[in-house]
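To start, the structure itself, in structure tokens.
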Amino acid sequence: MRFSLRVSPPKIIETRGKGVFEPARPEPFTGPPRDYMRMFLLARKDYLSVFRKGDYRSHVSQMRGLGRQLILVNVPEHVKYVLATRHDNFERKSPAMRRALEYLLGDGLFISDGETWKQRRPLVSDIVHKNRLPQFAGHMEEVALELVRRWQELPPETVVDALAEMGGLTAEIIARAVFGDDISPGDASEVVAGFTSFQSLVDNINLAYVAGFDNGIPLLKTPRLRRAISRVRGVIDRVTVNHLEGRNQDGSMLDLLVRRQQKNPELGLDRNALRNEAATIFMAGQETTAATLTWIWYLLANAPWAEAAVHAEIERVCGSGPPTLNDVPKLDYCRAVVEETLRLYPPVPLLGRQAREADRIAGIDVLPSALVTVSPWLLHRNPDLWKRPHHFMPERFLGGARPVPYSYIPFAIGPRICAGLQFGMTETILCLAILAQRFKVRLAPGTTVRPASRLTLRPQHGLPVTIHPR
Ligand code: HEM
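Per our numbering: the sequence shown = residues 879 to 1348.
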């Protein structure tokens, strides 16, 4: 469904002063409460621009303007209820999310539920488990150092897009971890190009779903969408078949999945299921870390005091040698920068769930099939839970300080918590340390940053930057 109506996006708030930086965010929505068409048009470009000032505060609210009951939960105790206590009733992803991803990921873990999810979750958790970090960290170090060498060759003042650079970096890392030796840099960029094109074609909101038609209207498989899908599948299928035929026994995630299946045929992981899980891990692990690293460069470029603290810590912990996995537990300030970045710009800013049966949240009767949304974006900027919620302050995560339980959920929480949490945190800290040891990143003159949430939260037009050797 395409609308030709246009709405102007909200203004961006961004302020800086000495030792203070309040990074870019859309001005809260101030239109009339029932201006659904405008809200819908805005939301299709960026969900975050339909939130009002009051939405950021602790509350649970419902809206029934269209056919479906929409519930927004922004209180830690009720977040716990939805995502953990009553996980069985709210485990199902919103049909909008399922529709957006099903052609690409099939029944992959990210969008599956019920028995499929129950059976596959331990399997996937196991193969991305933190015990396997030493092997994955090898890929992280290797690929980040390749980028260091490439950046060293850049002519001074060359403008590059940090989002694309970080996208290439994390694609290469996750590709080597998931597919092993059998994937070339060309293959990895082919998969990323396919995903990127797929994402740009997928609509944010399926109006038919919000209007109450149960599962919404499936995405139209346009020729461009088909091409995007076949770019991704072409590469993944070839690698999967190689693993299935025993041509690659390289300890990669795909290799382990194939071996599990061979040992336990009752798992029923056929070629399609293997491809879906491999594509899921690739997608879940690539975009999220790329977006986080991109936001880190934006924040550090605007917060010289934080950048200096990052540099000092890397020098103290790693000396002049390249940072390694062993250094990660000692990089406290770098970790705090990553945590603060994930607070301000959670890559998955909305967690939408479809209620299986009637329920009750904070005195509101939840109807079967209601869409219940927990938004890390709102929760992480809730002024009732955070001091100076829109400011970049890595110190808030230092010295053992921890947020109120269930108020900080960049990796979600409960049984569906991100399976790659340790992988993602380690990768982000390590890549930050390896690159920041050698370079400063500066925004290209005239760059304005607009956060926009489509499948993930990214700077809408990328992040043009220049790279400066230190
Ligand atoms: C900074 C990095 C990352 C962030 C912020 C992040 C965030 C998330 C979030 C919020 C979810 C839950 C989504 C929902 O419930 O709707 C999720 C799920 C998932 N993530 Fe991550 N993720 C990151 C990195 C990774 C990495 C590196 C991998 C794999 C190596 C990964 C694999 C997965 C998988 C497989 C799921 C589905 C889990 C399930 O439904 O049971 N993620 N992630």
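Ideal placement from N, C-alpha and C gives every residue a C-beta, glycine not left out.
The structure displayed is predicted, hence computed values, not measured ones.
Find the nearest neighbour of residue i within the set the options, judged by alpha-carbon distance.
i, options, result
"residue 892", "1195, 1176, 1186", "1176"
"residue 895", "991, 1314, 1181", "1181"
"residue 1113", "1073, 1199, 1332", "1073"
"residue 934", "908, 1193, 991, 1255", "1255"
"residue 1324", "1009, 1037, 982", "1037"
"residue 884", "919, 906, 942", "919"
"residue 1102", "1077, 1121, 1126, 1115", "1077"
"residue 1230", "994, 1333, 1165, 945", "1333"
"residue 1260", "1106, 937, 1108, 1011", "937"
"residue 1165", "1063, 1345, 1052", "1052"
"residue 1307", "1321, 1270, 1191", "1191"
"residue 1115", "1271, 1148, 1127", "1148"
"residue 992", "1003, 965, 1016, 1008", "965"
Please classify residue i as buried or exposed, where buried requires at least 16 neighbouring CB atoms within 10 angstroms.
i, result
"residue 882", "Legend: pLDDT at residue 882 = 49, less than 50; position of this residue unreliable, value from coordinates given subsequently. Result: exposed."
"residue 898", "exposed"
"residue 931", "exposed"
"residue 967", "buried"
"residue 971", "buried"
"residue 1338", "buried"
"residue 1305", "buried"
"residue 1343", "buried"
"residue 924", "buried"
"residue 990", "buried"
"residue 880", "Confidence is the limiting factor: at residue 880 the pLDDT is only 45, short of 50, which leaves the residue's position unreliable, though a coordinate-based value still follows. Exposed: under 16 other Cβ atoms inside 10 Å."
"residue 1146", "exposed"
"residue 1054", "buried"
"residue 1347", "exposed"
"residue 1021", "buried"
"residue 1183", "exposed"
"residue 969", "buried"
"residue 947", "buried"
"residue 1282", "exposed"
"residue 1194", "exposed"
"residue 1106", "buried"
How would you write the range of the alpha helix (DSSP H) that residue i sits in, first residue to last?
i, result
"residue 895", "Note, residue 895: premise wrong, no alpha helix (DSSP H); beta strand (DSSP E) at 890-895."
"residue 956", "954-958"
"residue 1230", "From DSSP, residue 1230 is part of no alpha helix (DSSP H) but of the beta strand (DSSP E) over 1229-1232."
"residue 918", "914-923"
"residue 903", "Unbroken run through residue 903 is the beta strand (DSSP E), 898-904; no alpha helix (DSSP H)."
"residue 1254", "1254-1257"
"residue 1108", "1101-1122"
"residue 1151", "1149-1180"
"residue 1026", "1011-1030"
"residue 950", "It is not in any alpha helix (DSSP H) - residue 950 instead sits in the beta strand (DSSP E) that spans 948-951."
"residue 1075", "1063-1079"
"residue 977", "973-983"
Does the distance from the C-beta atom of residue i to that of residue j stay below 9 Å?
i, j, result
"residue 1297", "residue 1159", "yes"
"residue 1046", "residue 1025", "yes"
"residue 926", "residue 1245", "no"
"residue 1163", "residue 1301", "yes"
"residue 1034", "residue 1329", "no"
"residue 1223", "residue 955", "no"
"residue 1235", "residue 1286", "no"
"residue 1327", "residue 901", "yes"
"residue 1309", "residue 1167", "yes"
"residue 1267", "residue 1331", "no"
"residue 1110", "residue 1068", "yes"
"residue 1242", "residue 1030", "no"
"residue 1006", "residue 1257", "no"
"residue 1099", "residue 981", "yes"
"residue 1150", "residue 1060", "no"
"residue 1152", "residue 1135", "yes"
"residue 1132", "residue 1345", "no"
May I ask which residues mark the beginning and end of the beta strand (DSSP E) holding residue i?
i, result
"residue 941", "938-941"
"residue 1057", "Taken as a continuous stretch (DSSP letters only), residue 1057 belongs to no beta strand (DSSP E), being part of the alpha helix (DSSP H) at 1040-1057."
"residue 1344", "1342-1347"
"residue 1317", "1317-1321"
"residue 1335", "1335-1337"
"residue 886", "Neither: residue 886 is in no beta strand (DSSP E) and is coded neither H nor E."
"residue 1001", "First-last for residue 1001: 992-1005, but that is the alpha helix (DSSP H), not the beta strand (DSSP E)."
Can you confirm whether residue i, when its beta carbon is compared against all beta carbons of chain B, has any partner nearer than 9 Å?
i, result
"residue 963", "Protein chains in the displayed structure number just one, and chain B is not present."
**Request:** Take every Cβ of the segment 1282-1299, pair it with every Cβ of the segment 1181-1191, and state whether three or more of those distances are shorter than 8 Å.
**Result:** The segment 1282-1299 is not in contact with the segment 1181-1191.
**Message:** With a threshold of 8 Å, are at least 3 pairs of Cβ atoms found where one atom belongs to the segment 975-983 and the other to the segment 1275-1291?
**Reply:** Cβ pair count under 8 Å is below three, so no.
**Asked** Any chance the segment 1130-1141 sits against the segment 1165-1174, with 3 or more Cβ pairs inside 8 Å?
**Response** At 8 Å Cβ cutoff, the stretches do not touch.
**Prompt:** Three or more C-beta pairs closer than 8 Å, one from the segment 1246-1262 and one from the segment 942-953: is that the case here?
**Reply:** Segments in contact, yes.
**Asked** Within the chosen definition, does the segment 1145-1158 reach the segment 984-997 through at least 3 CB pairs nearer than 8 Å?
**Response** Result yes; three or more Cβ-Cβ pairs closer than 8 Å.
**Request:** Would you check if the segment 1191-1208 and the segment 1303-1320 touch, i.e. whether three or more CB-CB distances between them fall below 8 Å?
**Result:** Contact between the segment 1303-1320 and the segment 1191-1208 is present, because at least three Cβ pairs lie under 8 Å.
**Request:** Kindly confirm or deny that the segment 1034-1046 and the segment 992-1011 touch, where touching means at least three C-beta pairs closer than 8 Å.
**Result:** Counting C-beta pairs with one atom in each stretch, the segment 1034-1046 and the segment 992-1011 have fewer than three that are closer than 8 Å, which means they do not touch.
**Request:** Report yes or no: do the segment 1212-1221 and the segment 905-914 share at least 3 C-beta pairs separated by less than 8 Å?
**Result:** The segment 1212-1221 makes no contact with the segment 905-914; the number of CB pairs closer than 8 Å stays below 3.
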